[in-house]
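Visitor: Starting off with a structure, shown below.
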Amino acid sequence: MAALERVTRGWATEAALSRRSLAVLVVLGLLAVGVAFLMLRERPEEVAVPELVTQAASDDGPVPEPDAPPPDGDVVVHVGGEVTEPGLYTMPAGSRVADAVEEAGGALPDTDLDLLNLARTLTDGERILVGVAEEAPGDGGAAAAGGEGPTVNVNTADEEELRSLPGIGEKKARQIIDHRESLGGSFSSVEDLLGVDGIAEKTLESLRPHVSVG
Numbered sequence: 004m005a006a007l008e009r010v011t012r013g014w015a016t017e018a019a020l021s022r023r024s025l026a027v028l029v030v031l032g033l034l035a036v037g038v039a040f041l042m043l044r045e046r047p048e049e050v051a052v053p054e055l056v057t058q059a060a061s062d063d064g065p066v067p068e069p070d071a072p073p074p075d076g077d078v079v080v081h082v083g084g085e086v087t088e089p090g091l092y093t094m095p096a097g098s099r100v101a102d103a104v105e106e107a108g109g110a111l112p113d114t115d116l117d118l119l120n121l122a123r124t125l126t127d128g129e130r131i132l133v134g135v136a137e138e139a140p141g142d143g144g145a146a147a148a149g150g151e152g153p154t155v156n157v158n159t160a161d162e163e164e165l166r167s168l169p170g171i172g173e174k175k176a177r178q179i180i181d182h183r184e185s186l187g188g189s190f191s192s193v194e195d196l197l198g199v200d201g202i203a204e205k206t207l208e209s210l211r212p213h214v215s216v217g
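Using our numbering, you'd call the opening residue of the sequence shown number 4 and step up by one each time.
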């Protein structure tokens, strides 16, 4: 009888241990499921970028292409002023102002090249005036068109006054004074400026509205 009681008590103990183990396993399983669920919730979702821009471009028609550069990367420039052969010239991209002047036959003798930056890189469609200073809009343009406004008397002007004239730098101002002195100290007419080295008809026409001899 005592032996049967011990056996029954052993079975009860083992059953209680089995129930506890099962409960522990169930709790651990629930914890694992909960942790996995939380990890899945906190994982960032990948956001697909909609192709709205492409679609809008297709709906509105073809996208305009940017202005195409000149063929083969060339640039077209207008070379004028005191050069042998003024006109339009097609130059390789990366060419300098000095290259364009040379392409136009070079500057005329005694032309004041200090008015240009010969090392500057050319840009497509630009105009290069050799030996002639371009006037800013509204800064003498009206006077040139109508012949009005103050003029420089080339018979009395000093070097500084002569340098205020379009296309006249330090070198050419000195040449005007030297030529004036060679004529006895005065010019008889504006056309006498043609006797100055480096002043040709085109330069004289740009000077005419701004100079006088009286």
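Just so you know, even glycine gets a beta-carbon here, dropped at the ideal spot from N, CA and C.
Keep in mind the model is a prediction, meaning the values are calculated, not measured.
Starting from Ile180, trace the alpha helix (DSSP H) in both directions and tell me its first and last residue.
Guide: Looking at the DSSP string, the run of the alpha helix (DSSP H) that includes Ile180 is 173-185.
Visitor: Residues bridged to Leu91 by DSSP?
Guide: According to DSSP, which records beta bridges pairwise, Leu91 is partnered with His81.
Visitor: Would you report the Cα separation of Val82 and Leu132, rounded to the nearest angstrom?
Guide: Val82 and Leu132: Cα-Cα distance of roughly 6 Å.
Visitor: Closer than 8 Å is the cut-off here; do at least three beta carbon pairs connect the segment 180-188 with the segment 109-118?
Guide: Contact fails: fewer than three Cβ-Cβ distances are below 8 Å.
Visitor: In terms of alpha-carbon separation, which member of Pro153, Asn158, Ser167 lies closest to His182?
Guide: Looking at the Cα atoms, Asn158 is the closest of the given residues.
Visitor: For a quick check, are the C-beta atoms of Val80 and Met94 less than 8 Å apart?
Guide: Yes.
Visitor: Tell me where the beta strand (DSSP E) around Arg130 begins and ends.
Guide: Unbroken beta strand (DSSP E) run through Arg130: 130-133.
Visitor: Provide the residue span of the alpha helix (DSSP H) that contains Ala103, from first to last.
Guide: Segment 100-106, the alpha helix (DSSP H) holding Ala103.
Visitor: From Arg177 to Val216, what distance separates their C-alpha atoms?
Guide: Distance between the alpha carbons of Arg177 and Val216: 17 Å.
Visitor: Starting from Glu194, follow the alpha helix (DSSP H) in both directions and report where the run begins and ends.
Guide: No alpha helix (DSSP H) contains Glu194, which DSSP labels as neither H nor E.
Visitor: Grouping DSSP H, G and I as helix and E and B as strand, with all else coil, what is Val157?
Guide: Residue state, collapsed to three classes: coil.
Visitor: When you compare each of Leu91, Val86, Ala96 to Thr124 by their alpha carbons, which one comes out closest?
Guide: Looking at the Cα atoms, Ala96 is the closest of the given residues.
Visitor: Following a CB-centred definition, is Leu165 positioned closer than 7 Å to any heavy atom of the ligand PLP?
Guide: For the ligand PLP, the structure offers nothing, since it holds no ligand at all.
Visitor: So for Thr206, helix, strand or coil by DSSP?
Guide: Helix.
Visitor: Between which two residues does the alpha helix (DSSP H) holding Leu165 run?
Guide: Counting along the chain, the alpha helix (DSSP H) containing Leu165 begins and ends at 162-166.
Visitor: Is it right to say Ser209 is buried, meaning 16 or more other beta carbons lie within 10 angstroms of its own, or is it exposed?
Guide: Classification for Ser209: buried.
Visitor: Helix, strand or coil: how does DSSP classify Ala96 here?
Guide: Here Ala96 sits in coil by DSSP.
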